[in-house]
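*Asks:*
There are 2 protein chains.
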Amino acid sequence: MALKLDPGQRLVLATHNAGKVRELAQILENRFEVVSAGELGLPEPEETETTFAGNALLKARAAAEAGGLVALADDSGLSAAALDGAPGIFSARWAGPGKDFALAMRHVEERIAEAGRRLEDACWFTCALAVAWPDGPAVVVEGRVDGRLTFPPRGDRGFGYDPIFTPDGGALTFGEMEPAAKDAMSHRARAFAKLKAALF
Amino acid sequence: MALKLDPGQRLVLATHNAGKVRELAQILENRFEVVSAGELGLPEPEETETTFAGNALLKARAAAEAGGLVALADDSGLSAAALDGAPGIFSARWAGPGKDFALAMRHVEERIAEAGRRLEDACWFTCALAVAWPDGPAVVVEGRVDGRLTFPPRGDRGFGYDPIFTPDGGALTFGEMEPAAKDAMSHRARAFAKLKAALF
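In the order they appear, the protein sequences are chains A and B.
All residue numbers for the first sequence refer to the numbering used here, where the first residue is 2 and numbers rise by one.
All residue numbers for the second sequence refer to the numbering used here, where the first residue is 2 and numbers rise by one.
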């Protein structure tokens, strides 16, 4: 088999989050016929790995095996240098079951203060993407964008930790930037660029 | 970039084990110019993931980034159904720092007996292989062979847990089989066949 994704190919998105399905489908430019793991009623695996790449791989492989289709998974988050990379793979979990990212951002601010570090300390967003074939190989890529923490949070665009992230060389947070400007440099865009170069 | 490995390409084997380097180099049929992570003085990452695939990926990516070369890593082990997949990713660690697999096999036997299960219970070998490009994608494959535990251990060929593994449909343990016969069906051979189909 060749490691290629063909236009129009059926692809299961290994997520149960409807917002993420819409976002991934949009990034994929309607190139594929996408269906979500949630729509197929596939089980949601526990994210037991310690890295973004490991968790993306685990989710893609689980969906490919359970669904019998090529599967795409992502795993992403914010890492603060002062917190040894936290929240990292726990980024979503810091927002709690209610997905309260205002709470998660306050938590980052408190932990940075406790560590005695500047609130504008270095941080980065990471996005890992994995594509897995049923009983076959998997391809994993990772994109990263470096920046600095920004408190108080600014902007109501984007989602998650976007309001406390200002990319290096910029003045606006991801929460303030035009979607097109953010999409030109984001960790997710960089990961998708690598995926496209490898598989499209 | 195309996800292909070219003949003669330089490849770093992400292992510090000289025996494994020899074995991998042999399987690769001298197709590539191989050098080991040990020879290059690369750091040995901690194997923190919970799956064979995750640990192979982690090791390949660490070697690719540290060495600036395409890297190949493997992670493999024996899983017993009665022990919920143990020793699994801990297969090498059960042998202790002295790599005493006679001890590790006794440990499996004791745990099976404690679980009140038959000593001939189902088990399987898994081999995950990962190839990572520096700052680029990674490809992960997995091969598996099913069999049954065999006590007392038999045969002095192979290595590791081979003397207590009899493949389904066979009468000899991996420790008793001719190398060519074992290589025709082993988890490692199956993983390499998938890797070759994808990348060679």
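Where a beta carbon is used, it is the ideal one built from N, C-alpha and C, also for glycine.
Should GLU115(A) be labelled buried (16 or more other beta-carbon atoms within 10 Å of its own) or exposed?
*Replies:* Taking all protein chains shown into account, GLU115(A) has fewer than 16 neighbouring C-beta atoms within 10 Å of its C-beta and is therefore exposed.
*Asks:* Less than 8 Å separating the beta-carbons of ALA74(B) and ALA64(B)?
*Replies:* Cβ distance < 8 Å, so ALA74(B) and ALA64(B) count as in contact.
*Asks:* Among residues of its own chain, excluding the 5 on either side of VAL22(A), which ones have a beta-carbon nearer than 7 Å to its beta-carbon?
*Replies:* LEU14, THR16, SER37
*Asks:* The alpha helix (DSSP H) that contains VAL109(A), what's its start and end?
*Replies:* 102–115
*Asks:* ALA82(A) to GLY117(B), Cα distance in whole Å?
*Replies:* 49 Å
*Asks:* In three-state terms, what does DSSP make of ASP169(B)?
*Replies:* coil
*Asks:* State the Cα-Cα distance for the pair ARG94(A) and VAL71(A), rounded to the nearest angstrom.
*Replies:* 27 Å
*Asks:* Given a threshold of 16 other Cβ atoms within 10 Å of its Cβ, counted over all protein chains shown, does GLY143(B) qualify as buried or as exposed?
*Replies:* In the sequence on display, residue 143(B) carries Glu and not Gly. With 16 or more Cβ atoms within 10 Å of its Cβ, GLU143(B) is classed as buried.
*Asks:* At what residues does the beta strand (DSSP E) containing LEU12(A) begin and finish?
*Replies:* Where LEU12(A) is concerned, the enclosing beta strand (DSSP E) stretches over 11–14.
*Asks:* Anything in the region 127–138 of chain A with a Cβ closer than 8 Å to a Cβ of chain B? List those residues in chain order, please.
*Replies:* GLY137, PRO138
*Asks:* Could you check what DSSP says for ASP76(A) in three-state terms: helix, strand or coil?
*Replies:* strand
*Asks:* What in chain B is Cβ-close to GLY55(A), meaning under 9 Å?
*Replies:* Per Cβ cutoff of 9 Å: THR49, GLU50, THR51, THR52, ALA54, GLY55, ASN56, LEU58, LEU59.
*Asks:* I'd like the ranges of any beta strand (DSSP E) spanning at least 3 consecutive residues and lying wholly in the region 135–169 of chain A.
*Replies:* 139–150, 166–168
*Asks:* Where PHE201(B) and ALA192(A) are concerned, what is the direct C-alpha to C-alpha distance, given to the nearest angstrom?
*Replies:* 24 Å
*Asks:* Helix, strand or coil, according to DSSP, for PHE193(B) in the structure here?
*Replies:* Three-state DSSP puts PHE193(B) in a helix.
*Asks:* Any idea if ALA96(B) is buried or exposed, counting beta-carbon neighbours within 10 angstroms, 16 or more meaning buried?
*Replies:* buried
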